[in-house]
């Protein structure tokens, strides 16, 4: 995975998949991915990259550190 920074939605889904998350599955307004008891909503940035702040929130929700993200 590239260094922690703006990333595409496709790269986010791929990275979470390499970290053991299943999905994405269809949800109400957002798709989501699951690993054990952890559920993570996948943002839809409408064609733009996912910014650093939103990426940090998603990774915090997933229980993934910056180091794990960069090494996956």
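In my numbering, the protein residues as written are 273 to 344.
All C-beta atoms, glycine included, are put in the ideal place defined by N, C-alpha and C.
Query                                                                                                                             : Result
Between the alpha carbons of residue 317 and residue 307, how many angstroms are there, rounded?                                  : 23 Å
Am I right that residue 276 and residue 338 are in contact with their C-beta atoms under 8 Å? What's the rounded C-beta distance? : 5 Å
Is residue 320 near residue 299, with beta carbons less than 8 Å apart?                                                           : no
In angstroms with no decimal places, state the Cα-to-Cα distance between residue 336 and residue 329.                             : 10 Å
According to DSSP, is residue 295 helix, strand or coil?                                                                          : strand
Classify residue 334: buried if its beta carbon has 16 or more other beta carbons within 10 angstroms, exposed otherwise.         : buried
List the DSSP bridge partners of residue 304.                                                                                     : 297 and 313
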